[in-house]
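Down below is the structure, laid out as structure tokens.
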Amino acid sequence: MVRTPCSNKNGMKKGLWSGEEDNKLKDYILRYGHWNWRKLPKYAGLSRCGKSCRLRWMNYLQPNLKKGDYSEEEENIIIKLHHERGNKWSAMAAKLPGRTDNDIKNHWHTHLKKRAKQNGKLEVTNENFQSIGTCQFEDSRKRDDQEWALDSVVAIDPSQQTSETSLLQAEPFFGEFSSSRSDYALNSAMERIMDDSFTSLSETHHADTIETFWNQPFLLENETTTNDVQALHSELLSQNSLISCGERLSMYDYYY
DNA sequence: AATCAATGCAACCGCCCACTT
DNA sequence: TAAGTGGGCGGTTGCATTGAT
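For the first sequence, UniProt numbering gives the first residue as 1, with consecutive numbering after it.
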């Protein structure tokens with residue numbers, strides 16, 4: 001709807017995403033996860049920068065996104081949180097499953113800002129947050145955000161849990177898979193495996209075969225890749241320092 | 001029906017931080 | 001310790017749509 005498609009100087013496409021691009025990105029991430037956003041476009045067959053892919057996935061393609069109008073309860077939460085913490089959109093998104101930071105930010109600017117002003121709920125602005133002694137938000141931003149994240153987990157009422165909310169809770173597994181900064185070892189290893197597989201395919205197969213590779217269900221039919229992943233799994237599990245990576249690698253069990 | 005302004009929102013940009021080398 | 005890299009965040013842009021005149 002928005003931007004006219006164009007290309008930048010590096011040949012990377014910009015602007016609105018086509019349905020074909022969406023499908024490629026979604027198929028790839030659902031199969032392999034997003035283990036490295038910068039490398040992902042290459043393997044997914046997209047002429048986009050990694051950031052663009054990440055944004056498209058986060059804001060539009062994730063399976064757990066909630067589309068449509070905001071409920072009154074959601075809007076009240078946003079107003080309350082904005083009153084408490086200002087423009088912490090990502091922290092707000094953590095409190096509103098299915099909503100993205102970008103979505104919340106847009107909704108705030110287009111709908112809620114006016115309403116909050118009318119309701120007199122903007123008496124405390126970002127600037128005077130600090131003047132009234134709440135500057136610890138800035139000083140301990142990271143800790144505070146972590147506390148928010150914990151709150152958001154606790155906030156899910158088990159009695160309200162449906163298959164959909166189960167997905168909501170399960171899905172961040174894929175996000176953490178690559179978002180944690182301690183996953184470099186895992187990402188590097190994944191990169192090796194993917195590079196090897198990709199190179200092997202490129203060298204030995206025609207384009208139509210490669211196309212088939214991306215469009216077929218991911219069954220780990222490639223023995224070499226399967227063994228590599230299993231070896232990686234064992235290797236990481238044997239290292240106490242990478243237990244979190246090992247836990248995340250249970251993703252592969254899902255595929256087996 | 002035509003024009004203009006306001007609105008909605010997808011996407012881009014630049015910066016920052018954590019981490020590796 | 002410094003430089004390089006990748007991911008995430010918040011601010012901003014700009015086009016399509018909608019509503020008012």
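Beta carbons: idealized from backbone N, C-alpha and C, even for Gly.
{"Check": "Member of R38, S71 and C53 whose CA lies at the smallest distance from the CA of L16", "Outcome": "C53"}
{"Check": "Top-ranked residue by Cα proximity to K80, from K14, K67, G68 and L96", "Outcome": "L96"}
{"Check": "Distance CB(N102)-CB(N64) smaller than 9 angstroms", "Outcome": "no"}
{"Check": "Buried or exposed (CB count within 10 angstroms, at least 16 for buried), K24", "Outcome": "buried"}
{"Check": "Where K105 falls: helix, strand or coil (DSSP)", "Outcome": "helix"}
{"Check": "Coarse secondary structure for K42, derived from DSSP in three states", "Outcome": "helix"}
{"Check": "Sub-9 angstroms separation of G50 and R38 beta-carbons", "Outcome": "yes"}
{"Check": "Boundaries of the alpha helix (DSSP H) in which G50 is found, first to last residue", "Outcome": "G50 to R56"}
{"Check": "Alpha-carbon to alpha-carbon, S90 and K67", "Outcome": "17 angstroms"}
{"Check": "Alpha-carbon spacing of G86 relative to L61, whole angstroms", "Outcome": "27 angstroms"}
{"Check": "Boundaries (first-last residue) of the alpha helix (DSSP H) holding N76", "Outcome": "E72 to R85"}
{"Check": "Burial state of K88, where buried means 16 or more other Cβ atoms lie within 10 Å", "Outcome": "buried"}
{"Check": "Nearest residue (CA-CA) to L46, options K105, K26 and W108", "Outcome": "K26"}
{"Check": "Helix, strand or coil at K14 according to DSSP, with G and I counted as helix", "Outcome": "strand"}
{"Check": "Limits of the unbroken alpha helix (DSSP H) element including residue 294", "Outcome": "Residue 294 lies beyond the residue range present for the chain, which begins at 1 and ends at 256; the question has no answer from this structure."}
{"Check": "C-alpha gap between K42 and S18, whole angstroms", "Outcome": "17 angstroms"}
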